[in-house]
Amino acid sequence: MATSRRPKREPLVSEASAEVTDQAVLGGFNGKYVSYLHTVLALGAFLVALAIGCQTHYHKIVENEYFGYPDEWFPSVSATVGDRYPARAVFQIFIAATATPRFLLLFLWYFVTTQRGSSTLFKKVLLAIGIVRTVSCGVFVYITSTDDHLIHDVGMLLYILLTFPYMFGTIYTSSSSILSSKQTSALRANRLRRAICGLFIFTLAPLAYFFVKHKVDKVPGAYTIYAFFEWSLIIYDIAFDSISMFDFQNLHIQVLDANIMEKQLRDGAYSAVEKSPVKKEIAAANPGWFSNIIYLSADIYLGFVFWSMLTALPLLIWYFPLWDMGISGYEAFLFITLLPVVLGFSFLRSFIRSYRGFFHLISLIGVASYTWTSPVDRLFYAAIGCGISLTTWAATWYEEHDKTGRLDRDIGTLALGLVAHNVAKAMWKSNNPIWPIMRAENGGANETGIIIGVVACLALIVRDFTDVSPSQKRIVAVNSSVRWSGVSVGFGAIFFILHSMLSDSSIISRWIARGYSQHEPAPVPWGALVIAALAVGYGLSRKSFVTSFVWWILGTGSVFGLYYVPELPGFAAGLVFAIYTMSIFPSFIRAISVCPPGRTLFLAMLTYNILDLMHVWVVAYAFVPGGPYLRESTHIILIVMMGLIGIGLVSMPPADEKYHKKQDSPLFKARRKILNWKLIGLVVAGGLAYVSRIPLQKPQPYHPESKIMTAGIWTIHFALDNDMWASEVRMRDAIRELELDVIGLLESDTQRIIMGNRDLTQSLAEDLNMYADFGPGPTSHTWGCTLLSKFPIVNSTHHLLPSPVGELACAIHATLDVYGKYVDVIVSHNGQEEDPLDRQLQTTEIARIMRESSNPFVFLGYVVTKPHMGNYHILIDDGNVNDIDPTDDDRWCEYVAFRGVKRIGYARISHGGITDTEIQSGKFQIVDEADLPKDIYRRVPESEVPLDHRYPPQFYGQGVRKHRYHVFDEPRYFN
3 MATSRRPKRE PLVSEASAEV TDQAVLGGFN GKYVSYLHTV LALGAFLVAL
53 AIGCQTHYHK IVENEYFGYP DEWFPSVSAT VGDRYPARAV FQIFIAATAT
103 PRFLLLFLWY FVTTQRGSST LFKKVLLAIG IVRTVSCGVF VYITSTDDHL
153 IHDVGMLLYI LLTFPYMFGT IYTSSSSILS SKQTSALRAN RLRRAICGLF
203 IFTLAPLAYF FVKHKVDKVP GAYTIYAFFE WSLIIYDIAF DSISMFDFQN
253 LHIQVLDANI MEKQLRDGAY SAVEKSPVKK EIAAANPGWF SNIIYLSADI
303 YLGFVFWSML TALPLLIWYF PLWDMGISGY EAFLFITLLP VVLGFSFLRS
353 FIRSYRGFFH LISLIGVASY TWTSPVDRLF YAAIGCGISL TTWAATWYEE
403 HDKTGRLDRD IGTLALGLVA HNVAKAMWKS NNPIWPIMRA ENGGANETGI
453 IIGVVACLAL IVRDFTDVSP SQKRIVAVNS SVRWSGVSVG FGAIFFILHS
503 MLSDSSIISR WIARGYSQHE PAPVPWGALV IAALAVGYGL SRKSFVTSFV
553 WWILGTGSVF GLYYVPELPG FAAGLVFAIY TMSIFPSFIR AISVCPPGRT
603 LFLAMLTYNI LDLMHVWVVA YAFVPGGPYL RESTHIILIV MMGLIGIGLV
653 SMPPADEKYH KKQDSPLFKA RRKILNWKLI GLVVAGGLAY VSRIPLQKPQ
703 PYHPESKIMT AGIWTIHFAL DNDMWASEVR MRDAIRELEL DVIGLLESDT
753 QRIIMGNRDL TQSLAEDLNM YADFGPGPTS HTWGCTLLSK FPIVNSTHHL
803 LPSPVGELAC AIHATLDVYG KYVDVIVSHN GQEEDPLDRQ LQTTEIARIM
853 RESSNPFVFL GYVVTKPHMG NYHILIDDGN VNDIDPTDDD RWCEYVAFRG
903 VKRIGYARIS HGGITDTEIQ SGKFQIVDEA DLPKDIYRRV PESEVPLDHR
953 YPPQFYGQGV RKHRYHVFDE PRYFN
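The opening position of the sequence shown corresponds to residue 3 in this note's numbering, with each subsequent residue numbered one higher.
Here's what the structure looks like:
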């Protein structure tokens, strides 16, 4: 074997001689592939062992001398690779395979650095240290602590002690190589080595801290945190050696036949050694087709992660003012989105841009925040992750992209990340599986999301390492014809629209609903068209007309059509608006990229934040300062955001003809083709997700044999439970086990930024196989009410109850076909205690609706009054209905009343930690008017009640999942 570098100066071998010596060359490869092979095998050894260990002996490898699962839930390195078969055996096989490229790395480093600089003795010592260190690794890998504890510990201690002189010596020799070779790749490698060495040293402090917390203080879970730092040291160690690929990229290794070489030397084949140059080998700056697919997939997934964290942030913030009924102080976390202002510092911008893979990896703490049970901790880490992710993406907009098309790539993958976010929410019925409010118990896939995220980040790190393009200091080319402030506010408005109106494919359907008979097209399956519209918009973004005034007029008209027009015309307008918004999103990023980074991004995200707050103020006006100025004023927000977009379009530079010509280049076409296929795949996946959600069976009541209708009312706090977890699954189980045929849900409009733009109504309706009526929608500025029914909804009307002072109250008045008989049901949510006039007017209007109905009636509502006092008489007496239990004096908010149906039972069920409000339920039997009791009902014991008339028995005593019969500790039955 012989090694020969290929420097940029004139080579020593002539072309003529090279043709002759080719006969002696048996094979060859680039030196960087030694580093690649070492990295893949070493990293694979640990990751494969981790996967196998968790699959086969999870509870055993997470257990330590003090605690086990669930206190400890992540294994240490030693437990993973050394304790159990088959993980230990697989790890040892991988390490054996790693030995050859490992020793090759050491010797190649010695050869390269010796040729580039002096101090040969120092480099020999460094080589010796590397060899001893590698052998000591083999000692503690193949001699486990169970074989010989002393030798195992000596091998590990020696490896750790030699790591520091090895790292410092490598950095020193790397620095001396730079001085002699002045290669750009060597500069980059040296910076990376210093950074990783710093991280390695920095990690030792928390590693030691949590080890002490585990070993001395015996704190549950401390060893799991220690394990994360231990694994990070492994990653830093492997990454440190993998950087040699920069130094070896100009190193070519050939295997020669000595006999042929000797013959050619005798024949004078090398007589012209110093006269003529060889052909230069030009490395392709663009990765191949397969590599492009991998890298673009990683970019798209990290775009999905970004949109997931951004949409989760206001949802987590909302938990706190929800409980405080006003400003909580945690709203300040929203302004983490201003973090990209740091990109005004060129060295930070360059650093983040160059090592985006590492920063995306750090940002995954936002996804991992679900591991903290404390709501405050989850909000804190999710905000940090969101800020880092946003800053990392923004940094990519300021790179030298003219020739490589990187900006086009980054825009496309971020846009496709939003589409992927919509698809994932369609698959998970409007929840995002990696949100911090999700976990395995409620359908989350957080662990999977983190694993895929780590793999995606590693792919980008590899891409950064193998990027051979020049890395000299880049200066942002500011275009003087661009008014940066106008572009900033326009981009902020676009960002707000994508978040508030297009981050869930069911939003448009909920905006156009005006009642059960006016709710089509429904989210299922027509939400698939919204995903398709986003894809069409991205396809049109390559056209120059998207920044025209005519196109802006179309977009403005479509959003007001969505706001004011119901049903199909409004839905069509919403699709046009989705196309418009996505089509101009790339143009704004391209304009941002030629503006001063710091101030432009700061103003853009400040605009986004202000619009976010306005979006909340229009419905939360009763609880925020200055709320009355934006009360019920979504139309003002629409005017402002479209006006800001118009300002941004006017501030943009003229259409870049060079850019549109560059789209015809092979590089652009190759990436665009891959992105197009991925976009088509996402649209198909979204379509299949919605088709699979189409109900195949008609809802059936629980006890049709006795014509029983069990109804309930529940205030659900926007499907966030008391510990800030998504509560749809627990709500579903409670409703199903209580056998509720009809239920009214209050505080159920989750189609806003602060509620995550979720559609819990559709989710519950599908899981429970019930008809659903989504109450006054987001455009009506209420907190929302929902009606779920096992009986067909013949018709419904949405009411906005009189609210001159406080929050706007909502009601649904629906007519149900209950066993062939029309029964009216009203679900209402009256105002707060602080607004007595509102509550009086609202109760009066509800009483009028009930009084004027000729059908049997069931009232399920939130009244805020004590029994037999104040508005109670308006509701019961003026409404011509009966209180389900006049003897129950321990009520305040929720009430059940009826007329024209036979009362059988009444129960109060505790909330189970899902909210702060109980479930109230009434059982009714549908009978002919002649069979209705004429006198006052009397209470009867449960023993006299037929089995199919009774409430489920599992809610007695301690109940299930913290749901139990409370107040009376049992249901009440009547005859």
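All C-beta atoms in this analysis are idealised placements derived from N, C-alpha and C, irrespective of residue type, glycine included.
Compute the Euclidean distance between the alpha carbons of residue i and residue j, then round it to the nearest angstrom.
i    : j    : result
E449 : G455 : 10 Å
R90  : V83  : 5 Å
Y71  : D239 : 29 Å
Y211 : G539 : 52 Å
I715 : Y321 : 22 Å
R940 : Y518 : 37 Å
A384 : I436 : 11 Å
M158 : I302 : 40 Å
D326 : I319 : 12 Å
V391 : F562 : Here residue 391 is Ser; the residue named in the question, Val, does not match the sequence. Cα to Cα, S391 sits roughly 33 Å from F562.
I745 : A909 : 14 Å
A426 : Y874 : 46 Å
S653 : Y610 : 18 Å
G171 : F242 : 12 Å
I814 : W395 : 44 Å
P984 : S244 : Any question about residue 984 goes unanswered here, given that the chain covers just 3 to 977.
Please return the same chain residues whose Cβ sits closer than 6 Å to the Cβ of residue i, not counting the five positions on each side in sequence.
i    : result
Y112 : K125, L129
P588 : I413, S543
I153 : I145
P888 : none
F720 : E749, T752, M757
R485 : S653
Is the distance from the Cβ of residue i to the Cβ of residue j below 9 Å?
i    : j    : result
D614 : I755 : yes
V526 : Y692 : yes
L762 : D775 : no
L651 : A458 : no
D918 : N724 : yes
R732 : N294 : no
Y372 : I453 : no
G576 : S560 : yes
M169 : V343 : no
T712 : L742 : yes
G924 : I878 : no
Label residue i either buried or exposed according to how many other C-beta atoms from any shown protein chain fall within 10 Å of its C-beta, with 16 as the threshold for buried.
i    : result
D837 : buried
L340 : buried
E707 : exposed
S502 : buried
H965 : buried
N978 : Residue 978 cannot be examined here, being either before or after the span of the chain that is shown, 3 to 977.
H637 : exposed
D892 : exposed
H61  : exposed
L163 : exposed
If we cut at 9 Å on Cβ distances, does residue i have a partner in chain C?
i    : result
V489 : Note that chain C does not occur in the displayed structure, where there is just one protein chain.
Which residues in the same chain have their Cβ closer than 7 Å to the Cβ of residue i, if we skip the five residues on either side of it in sequence?
i    : result
F604 : L340, V343
R11  : Caution is warranted here: a pLDDT of 38 is assigned to R11, below 50, making its placement in the model unreliable, and the coordinate value is therefore given only provisionally. Nothing meets the Cβ criterion.
I63  : G55, P77, A81, T82, D85, R86
G529 : A428, S507, S508, S511, Y692
R952 : E944
Please return the same chain residues whose Cβ sits closer than 8 Å to the Cβ of residue i, not counting the five positions on each side in sequence.
i    : result
G915 : D723, N724, D725, K964
Report the residue ranges of all alpha helix (DSSP H) runs contained in full by the region 70-138; include only those spanning at least 4 residues, in chain order. If only uninterrupted alpha helix (DSSP H) runs of at least 4 residues are considered, those enclosed by the region 70-138 are 79-84, 89-118.
Scan the region 518-571 and note each continuous alpha helix (DSSP H) run of 4 residues or more that stays entirely inside, going in chain order. Annotation: the region 518-571 contains the following complete segments of the alpha helix (DSSP H) (minimum length 4 residues), in chain order: 525-542, 551-566.
Can you give, in chain order, each stretch of the beta strand (DSSP E) that sits fully within the region 921-959 and has at least 3 residues? Listed in chain order, they are 921-927.
Going residue by residue through the region 360-390, where are the continuous beta strand (DSSP E) segments of at least 3 residues, counting only ones entirely within it? The qualifying runs do not exist here; there are none.
Please give me, in chain order, every unbroken run of the alpha helix (DSSP H) with length at least 4 that falls completely inside the region 401-462. Those alpha helix (DSSP H) runs which fall completely within the region 401-462 and span 4+ residues are 408-429.
Hey, which unbroken runs of the beta strand (DSSP E) at 3 residues or more fall wholly within the region 875-910? You should have 896-901.
For the region 816-870, which segments carrying the beta strand (DSSP E) assignment without a break, of at least 3 residues, lie completely within its bounds, in sequence order? Correct list: 823-831, 859-864.
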